[in-house]
Amino acid sequence: MQNLLRKKLHKYLRLEWVAALLLVVNFFVTYNFDLEFFRLVRLISLCTLVIYYLYKKHVKSIFLLLAFLFFISRDVGYQFFEEIWGAELYMASATIGYLLLFFDRIPYLKNGIKWSTVLLTFVLVVATGSILLLLGDLAEANLETQFELILFYSYGVSLILLVLAACYYNHRLNSMRSLLFIFTVFGFVVSDIAACLAYFNEMNNFYYLDRSLFIVSMALLANFGMNVEGAELEQADFLVLKE
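Residue numbers (the numbering used here): 325 to 567.
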């Protein structure tokens with residue numbers, strides 16, 4: 325009986341369906357309710373995806389698990405973003421979460437630097453660094469302490485490092501799993517930029533972009549962590565590349 329129930333749950337609780345349902349709920353709440361309530365719904369949505377990952381996961385990565393926990397911590401801070409401690413918790417937790425994902429990909433970054441990779445790195449650093457400086461100017465007037473500004477730039481730098489890691493990781497392996505990871509990371513980038521514009525510049529329509537890409541990116545990250553077959557193929561390919 326328990327095996328039958330488990331099979332039915334496996335059949336009907338597919339990740340893409342869970343993510344689609346969360347997207348619909350978040351769009352509805354964003355349109356109909358105030359900022360405080362849809363922040364809470366975002367936190368609940370993230371917890372739902374993390375619970376799904378913990379239930380289904382096959383690829384065991386302590387870095388990925390800790391990153392999810394810090395992303396939850398970030399959204400706890402998001403509930404109290406107008407308080408100094410809430411904003412600091414939000415940015416510090418996001419920074420640590422992104423750095424954990426960066427460290428998770430470190431083994432794939434140690435081997436073989438090419439000029440094409442150096443050029444790509446330079447272009448990405450210039451582009452993302454310029455965006456960070458522009459957003460920093462926008463956010464500075466709304467941040468209450470110098471420490472918050474330092475955390476804001478640390479947050480941005482950690483995301484830039486993650487973008488570089490994702491691009492090089494995909495460049496090295498060029499697998500479906502590495503492509504999934506790069507989509508995840510660029511989703512984080514656009515979501516965070518949209519959230520910054522929505523909150524600091526009162527461009528409220530950007531909350532829809534923020535929320536949709538946040539859900540999609542977290543679902544992709546969960547999928548990345550559950551893709552055991554892709555992880556095994558990557559390990560085999562990486563060993564070949566090292567020879």
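In this text, a Cβ means the ideal position worked out from N, Cα and C, and glycines have one as well. All values derive from a computational prediction rather than experimental measurement.
On the CB-based measure, 16 or more other CB atoms within 10 Å of its CB, does residue i come out buried or exposed?
i           : result
residue 415 : buried
residue 338 : exposed
residue 358 : exposed
residue 502 : buried
residue 401 : buried
residue 328 : Because the pLDDT at residue 328 is just 46, under 50, the model does not fix this residue reliably, and the value given afterwards should be weighed accordingly. So residue 328 ends up on the exposed side.
residue 539 : buried
residue 558 : buried
residue 420 : buried
residue 350 : buried
residue 369 : buried
residue 498 : exposed
residue 425 : buried
residue 355 : exposed
residue 450 : exposed
residue 515 : buried
residue 379 : exposed
residue 391 : buried
residue 446 : exposed
residue 454 : exposed
residue 443 : exposed
residue 373 : buried
My output table needs one value for residue i: the three-state DSSP class, helix, strand or coil.
i           : result
residue 429 : coil
residue 411 : helix
residue 568 : Summary: the structure shown does not reach residue 568, with the chain confined to residues 325 through 567, and so no result is reported for it.
residue 494 : helix
residue 527 : coil
residue 328 : Bear in mind that the predicted position of residue 328 carries a pLDDT of just 46, short of 50, making it too unreliable to give a figure here.
residue 424 : helix
residue 358 : coil
residue 464 : helix
residue 470 : helix
residue 338 : coil
residue 385 : coil
residue 406 : coil
residue 454 : helix
residue 499 : coil
residue 551 : coil
Only counting the same chain, and skipping five residues up and downstream in sequence, which positions put a Cβ closer than 7 Å to that of residue i?
i           : result
residue 427 : 387
residue 476 : 415, 460, 463 and 467
residue 422 : 482, 483 and 486
residue 500 : 554
residue 507 : 544
residue 473 : 464 and 467
residue 347 : 536 and 539
Kindly examine the ligand MN and report whether one of its heavy atoms sits closer than 6 Å to the Cβ of residue i.
i           : result
residue 358 : Among the components modelled here there is no ligand, and therefore nothing to report on the ligand MN.
Leaving out five residues on either side along the sequence, give the residues of the same chain with a beta carbon under 6 Å from the beta carbon of residue i.
i           : result
residue 480 : 456
residue 413 : 401
residue 298 : Because the chain in this structure spans residues 325 to 567, residue 298 falls outside the shown range and cannot be described.
residue 505 : 490 and 548
residue 410 : 401 and 404
residue 429 : 489 and 493
residue 394 : 417, 420 and 421
So, for residue i: in the same chain, excluding its five sequence neighbours on each side, which residues have a beta-carbon less than 8 Å away from its beta-carbon?
i           : result
residue 353 : 361, 362 and 365
residue 494 : 502, 503, 505 and 506
For a cutoff of 7 Å on Cβ pairs, would you count residue i as touching chain B?
i           : result
residue 398 : Within the model displayed, chain B is absent; a lone protein chain is all it includes.
**Q.** Any 3 or more C-beta pairs closer than 8 Å across the segment 541–561 and the segment 338–346
**A.** Contact check between the segment 541–561 and the segment 338–346: three or more CB pairs, one atom from each, fall below 8 Å, which counts as touching.
Q.
Whether or not the segment 518–536 and the segment 545–559 are in contact is what I'm after, with contact meaning three or more pairs of Cβ atoms, one per stretch, closer than 8 Å; do they touch?
A. Not touching, per the Cβ criterion.
Q: Examine the Cβ distances between the segment 524–540 and the segment 451–467 and report whether three or more of them are shorter than 8 Å.
A: As far as the Cβ criterion goes, the segment 524–540 touches the segment 451–467, which means the pair count is three or higher.
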